[in-house]
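In the numbering used here, the protein residues as written are 12 to 103.
First up is the structure itself, then whatever we jot down about it.
Next comes the structure, spelled out in structure tokens:
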């Protein structure tokens, strides 16, 4: 995924980012809140700490699995916006 433009994140009523998946598919573009994203191409200390914590947690549990894993934490709204279930509000 690449950030392509700023975009309003309707589920949280806050500024977000429009993301593009270069592999295409049904969700070529989506919008996500910055707190859902991790910088991979630059050295952001906060993102590196978060990424390492996710690696420690998830690689042990899912490293040998081939299929797509859905932990049930995020969903995509009808507007194509990525939202954490704790942020989801009815009708948005």
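Glycine included, C-beta positions come from ideal geometry on N, C-alpha and C.
{"query": "Straight-line gap, residue 38 to residue 12 (C-alpha atoms, nearest Å)", "result": "11 Å"}
{"query": "Sheet register partners of residue 52 (DSSP bridge)", "result": "Partner(s): none; residue 52 has no beta bridge."}
{"query": "Contact between the segment 55 to 63 and the segment 39 to 46 (3+ Cβ pairs under 8 Å)", "result": "no"}
{"query": "Any beta strand (DSSP E) of 3 or more consecutive residues that is wholly inside the segment 27 to 82", "result": "40 to 43"}
{"query": "Residue 94 burial status per 10 Å Cβ neighbour count (16 or more: buried)", "result": "buried"}
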